[in-house]
Amino acid sequence: MNAEQSTRLALRIHSWWFATLVWTVVTASPILFGQAFTSLSGTVTDPTGAVVPGITVILESADKGTKRETTTDENGRYSFAQVLPGTYQMTAKAAGFRDVAVKEFRLLVNSPATVNIAFETVGTIAEALTVTAQTAQVNTTDASLGNAISTQAITQLPLLLRNPVGLLGYQPGVTAFTDGGGEINGAVNGGKNDQANITLDGVDVNDQNERRAFTSVLRVTLDSVQEFRTTTANANADQGRSAGGQIALVTKSGSNEFHGAVYDYHRNTATAANSFFNNLSGVKKPALLIDVFGGSFGGPIKKNRLFFFANYEGRRDRSGTSQLVTVPSAKLRQGIVQYVRTDGTIADLTPQDIQTRIDPLGIGVNSAVLKLFQSYPLPNDFTQGDGLNILGYRFASPQRSKEDTYISRLDYTVDAASKHLLFWRGNLQNDHSGGVPQFPGDIPRSVGLNNSKGMVLGYNWILKPTLISTLRYGYTRAGTENTGIQTLPAVSFTGISNRNALTTGSRRIIPVHQATEDLAWTRGAHDVRLGGVFRWIRNSRSAPAPFHSGLIRANRLQGQGSELAAAVPDLSGSRGPFIDAMASVLGLISSVTSNYTYDIQGNVVPVSAQVRRVMANNEYEFYIQDSWKITHAFTLTAGLRYSLMPPVYEATGAQTSTTFPLGEWFDRRGGLAQQGRPQSEAGQITFISQEDPRWRPLYRYHKKNFAPRLALAYSPQASEGWLKWLTGGPGKSSIRAGWGMFYDLIGQPLANQFIFSQFGFSTNLTNPSGVLT
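Residue numbers (my numbering): -19 to 753.
Structural data, given as structure tokens:
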């Protein structure tokens, strides 16, 4: 397999195929479906059950007073596309029949809803029939799987940190777990855990840097979310950017009535317990004091036309956390190294013993090391370390943090006919996360700052009842910074925690510009959607050039440090902890790593000077789909999504590539090995800059990301007999089958790992092991 074939294989394994057959029946907990909009359709019939064409159907928002109007087609069907989630009422009028007024009913986010209207009796103009309708709470349109959750459930369900995105973890097919860094991650129906797609009001709010699951870079509060929707499988062509879960949130908007709320959630130490190990070490219970408070308010600025909504939420943590570090024992602080004899007793090697018996140069214990050791606190946890020279130290440390979130939205109906609608939503957060000290009394190892912000501007244009355009522009800027305290070279001990934290600061700014256009066209039994999404992503990271480091580790010495134990014939058990403790008190720096960073001109960047890299990529996606109601009970949905994802590149020019694919070089070496010829004949690897015409991108630009989707949905219509008993009656159940092809995103995480440590711009040199005595 050559390099090109290897690359092609690596790209193609990022595509996924899903085929699902589902039978859904309405129960007490119905399954709903949705994204940033929803749709409503149905059939109008007369008292005999015959369809009635040419009937005027009026849909009116119960919250804002806006109206939309359509007319039934020759088969008595009506349809409203691109409807904002909310509470609505509907009226149907026909000459010779009583007007039918459907009372308030709820449309959930992009949940295909069905309300059938039946005229009953002939009446006068003044007479009207008022009915109560429930939208069909079962998907009879496509094969997507997922749940739409309304405001009541969002505010009442218990959620960790009051994060609505965490509701994804409660959906069927979702596996949640904690990764090595303590972050909540998750995989959806076998897809990779970094392939989830999160939108807020139809605009991307993904974590572009690490693509962590269940993570929105803009904090959304429970009191600001109107609708929440997840698609866990079989997303249609208008969704399905990747193979993971598709998560859509919609921000609340104001209405014709003023509504507000004030809240405070408090948790304190009285409801917490101390850990077993803290009690064992005599460390008191860390403080726990968390307050989440805020308020929301919304209403009309101009009735039926202009509305506002605003939400502020603050969080204050004045808690503590338990820390565990390793420290030198009381005797090691004096230069005394202990060991276990072959007879099981414990022996001491004093500084004089070390100088005369262990150190061949006769220098003895390093005074600078002892001075540093004596600055450590005495151990209080004797279950850690080697139990002799290195022990544990537990302490409770305060950890302070504050979070402030500001969210606002404006909705404006431009004209009285409600054909032009504008909205704007803005988010801002201002967070300060206090770190913990390395030891009591020290300054925090690091402090985290976050001032992420975002906004979206949307324009809905109803060209005519059957043709609707939705245009959006979104700007989401993730802004995070972590401070550090280390700026100079440092030496570490093996098995003993550093006396001072070796943290370094970094700053990351990720602006994402997005433009989307969606066109919904209804013609007879066909509901056609087409549109495109354009994203421009720039991931800027600034961090200091890494400092040089040293390590005191005995096994890096010649003979793995055996000469340190040669004069101790009665040493029992493993030599490793003993010779490491001996190397520590002697101050033997056995390993040094020098780190060098270069600018584009090839100059060495001074240690701790700021180095900036910008990873950039653009994404272009297009889709078209058609939902065809073949019969009243049977719907076929077919679509195609096409994605163009150019490779991520370093935008300042700090990116190199080899003059030829490395796969070719490895193949050449394999061929030489088979012939018994030297590897030197494979030639040298030469790196070139972006300015060189021979430069190649990080990976191939794959231009064949065609992702077809197909879904069948059948809703049994039996109104009597055993089939009605089995299916619940007309519109109460749905049998669905779906198939789709999805492509995973490569994107920023790969570039994040590669570009900051690539050849030509960074080098580290370490002395060889086993040479120094």
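All C-beta atoms in this analysis are idealised placements derived from N, C-alpha and C, irrespective of residue type, glycine included.
If you drop the 5 nearest sequence neighbours on each side, which residues of the same chain put their C-beta closer than 8 Å to that of residue i?
{"i": "PRO469", "result": "PHE527, HIS528, SER529, GLY530, VAL587"}
{"i": "VAL572", "result": "HIS528, SER529, GLY530, LEU531, THR746, ASN747"}
{"i": "VAL751", "result": "GLN538"}
{"i": "ASP187", "result": "THR195, SER196, VAL197, ALA458"}
Relative to the C-alpha of residue i, which residue among the options is closest?
{"i": "ASP323", "options": "ASN346, PRO549, THR467", "result": "PRO549"}
{"i": "SER477", "options": "VAL394, GLN188, SER355, LEU544", "result": "SER355"}
{"i": "LEU368", "options": "LEU443, VAL320, ARG593", "result": "VAL320"}
{"i": "LEU551", "options": "PHE288, GLY709, VAL317", "result": "VAL317"}
{"i": "GLN733", "options": "ARG674, PHE403, GLU190", "result": "GLU190"}
{"i": "GLY454", "options": "ALA396, VAL183, ALA545", "result": "VAL183"}
{"i": "THR393", "options": "THR52, ILE281, GLY619", "result": "ILE281"}
{"i": "ILE387", "options": "SER233, SER21, LEU620, GLU84", "result": "SER233"}
{"i": "VAL349", "options": "LEU312, TRP675, ALA74", "result": "LEU312"}
If you draw a straight line from the alpha carbon of residue i to that of residue j, how long is it in whole angstroms?
{"i": "TRP608", "j": "ALA500", "result": "13 Å"}
{"i": "PRO424", "j": "LEU482", "result": "11 Å"}
{"i": "THR306", "j": "ASN216", "result": "54 Å"}
{"i": "GLY485", "j": "LEU371", "result": "30 Å"}
{"i": "LEU437", "j": "ASN284", "result": "20 Å"}
{"i": "GLN635", "j": "ASN685", "result": "26 Å"}
{"i": "GLU644", "j": "ALA653", "result": "14 Å"}
{"i": "THR754", "j": "GLU461", "result": "Residue 754 lies beyond the stretch modelled for the chain, which goes from -19 to 753, so this question has no answer here."}
{"i": "GLN314", "j": "THR330", "result": "9 Å"}
{"i": "ARG295", "j": "ASN214", "result": "37 Å"}
{"i": "GLU383", "j": "HIS246", "result": "15 Å"}
{"i": "ALA523", "j": "GLN590", "result": "5 Å"}
{"i": "LEU447", "j": "THR502", "result": "7 Å"}
{"i": "VAL585", "j": "ILE665", "result": "24 Å"}
{"i": "SER19", "j": "LEU286", "result": "23 Å"}
{"i": "ILE715", "j": "TYR694", "result": "5 Å"}
{"i": "LYS351", "j": "ALA534", "result": "21 Å"}
{"i": "ASP79", "j": "LYS172", "result": "53 Å"}
{"i": "ILE736", "j": "LEU304", "result": "First, the amino acid is wrong: residue 736 is Phe here, not Ile. So the two alpha carbons sit approximately 31 Å from each other."}
{"i": "GLY76", "j": "LYS712", "result": "31 Å"}
{"i": "VAL230", "j": "GLY421", "result": "46 Å"}
{"i": "THR638", "j": "LYS683", "result": "23 Å"}
{"i": "THR211", "j": "ARG592", "result": "38 Å"}
{"i": "PHE288", "j": "PHE667", "result": "56 Å"}
{"i": "VAL32", "j": "SER398", "result": "26 Å"}
{"i": "ARG487", "j": "THR467", "result": "16 Å"}
{"i": "TYR766", "j": "ARG57", "result": "No answer is possible for residue 766: the residues shown for the chain start at -19 and end at 753."}
{"i": "ASP366", "j": "SER261", "result": "17 Å"}
{"i": "GLY740", "j": "GLY170", "result": "38 Å"}
{"i": "GLY771", "j": "GLY66", "result": "This structure does not reach residue 771, given that the chain is present from -19 up to 753, and the question cannot be answered."}
{"i": "THR615", "j": "ARG689", "result": "14 Å"}
{"i": "ASP271", "j": "PRO627", "result": "44 Å"}
Just to confirm my understanding: we take residue i, look at its own chain, exclude 5 residues before and 5 after, and list those with CB closer than 6 Å. What are they?
{"i": "PHE602", "result": "GLY512, TYR622"}
{"i": "SER413", "result": "SER381, GLY428"}
{"i": "GLU40", "result": "LYS47, GLN69"}
{"i": "THR456", "result": "VAL185, GLY434, VAL492"}
{"i": "GLU599", "result": "ARG515, MET625"}
{"i": "GLY459", "result": "ASN431, SER432, ILE489"}
{"i": "PHE403", "result": "ASP391, GLY438"}
{"i": "GLN226", "result": "ASN177, THR211, ALA215, GLN219"}
{"i": "GLN494", "result": "VAL183, ASP184, GLY454, ARG515"}
{"i": "VAL508", "result": "TRP501, ASP606"}
{"i": "ARG86", "result": "THR67"}
{"i": "SER520", "result": "ILE489, VAL594"}
Kindly identify the DSSP beta-bridge partner or partners of residue i.
{"i": "GLN590", "result": "PRO524"}
{"i": "VAL498", "result": "In the sequence as displayed, the identity of residue 498 is Asp instead of Val. According to DSSP, which records beta bridges pairwise, ASP498 is partnered with THR450, GLY511."}
{"i": "GLY294", "result": "PHE273, ASP384"}
{"i": "LYS172", "result": "DSSP lists no partner for LYS172."}
{"i": "THR463", "result": "BP columns for THR463 are empty, so no partner."}
{"i": "GLY428", "result": "SER413, ASN462"}
{"i": "GLU84", "result": "DSSP, once it has assigned bridges, lists no residue as partnering GLU84."}
Kindly list the residues whose CB is nearer than 7 Å to the CB of residue i, restricted to its own chain and excluding five residues on each side of it in sequence; keep chain order.
{"i": "LEU510", "result": "LEU499, TYR603, ILE604"}
{"i": "GLY464", "result": "SER426, THR483, THR484, GLY485"}
{"i": "GLY22", "result": "TYR58, THR94, VAL95, ASN96, ILE97"}
{"i": "THR104", "result": "Low local confidence applies: a pLDDT of 47 at THR104 is under 50, so the model's placement there is unreliable, and no value is given."}
Q: Check whether the stretch 56 to 63 touches the stretch 187 to 205, taking contact to mean three or more Cβ pairs, one atom from each stretch, closer than 8 Å.
A: no
Q | Meets three-Cβ-pair contact criterion under 8 Å: the stretch 324 to 343 and the stretch 252 to 269 | A | no
Q: Decide if the stretch 219 to 232 is in contact with the stretch 723 to 743; the criterion is three or more beta carbon pairs, one per stretch, under 8 Å apart.
A: yes
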